[in-house]
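Enquirer: Quick one: structure below, then a few questions.
Residue numbers (the working numbering): 8 to 161.
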């Protein structure tokens, strides 16, 4: 009798553990989906509140630097619309260029900055880097350019 009980109890125990694991995985995917929907909803709400932006500095030529130097520049822009300007993201065309976006919304009439740091390590010759900005501006934020020459470190 004990053999039959163990023979039935062991598979039942294993199956019940597997069900709990599947429930946990299903719950995680539901939570992730809910978070994604909430994020998209927030971005959609922000996009309904479009504004306009005037780019003060869209390009910066840092001239000639020596390989290994870092160049730091802050691009200026002004919110010319009637709603707060929200910068959702700022990304560069290369990992050697790191943009920093403002976290707080830029109110109408205010000027904001996007700071960019270019690390010239491993770079030689002519360099052009683009920074893409995702915001609630309409028309869209234009690409920001960083241009210059990097001479070899001797």
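Quick reminder that beta carbons are idealized off the backbone N, C-alpha and C, glycines included.
#1: Roughly how many angstroms lie between the CA atoms of residue 119 and residue 61, to the nearest whole one?
#2: If you draw a straight line from the alpha carbon of residue 129 to that of residue 79, how long is it in whole angstroms?
#3: Which two residues bound the contiguous beta strand (DSSP E) that contains residue 117?
#4: Below 8 Å on the Cβ atoms is my guess for residue 97 versus residue 138; work out the distance and round it to an integer in Å.
#5: Once DSSP output is grouped into helix, strand and coil, what is the label at residue 39?
#6: So what does DSSP say about residue 161, is it helix, strand or coil?
Expert: Quick look at the numbers:
#1: 10 Å
#2: 17 Å
#3: No beta strand (DSSP E) holds residue 117; DSSP gives it neither H nor E.
#4: 6 Å
#5: helix
#6: coil
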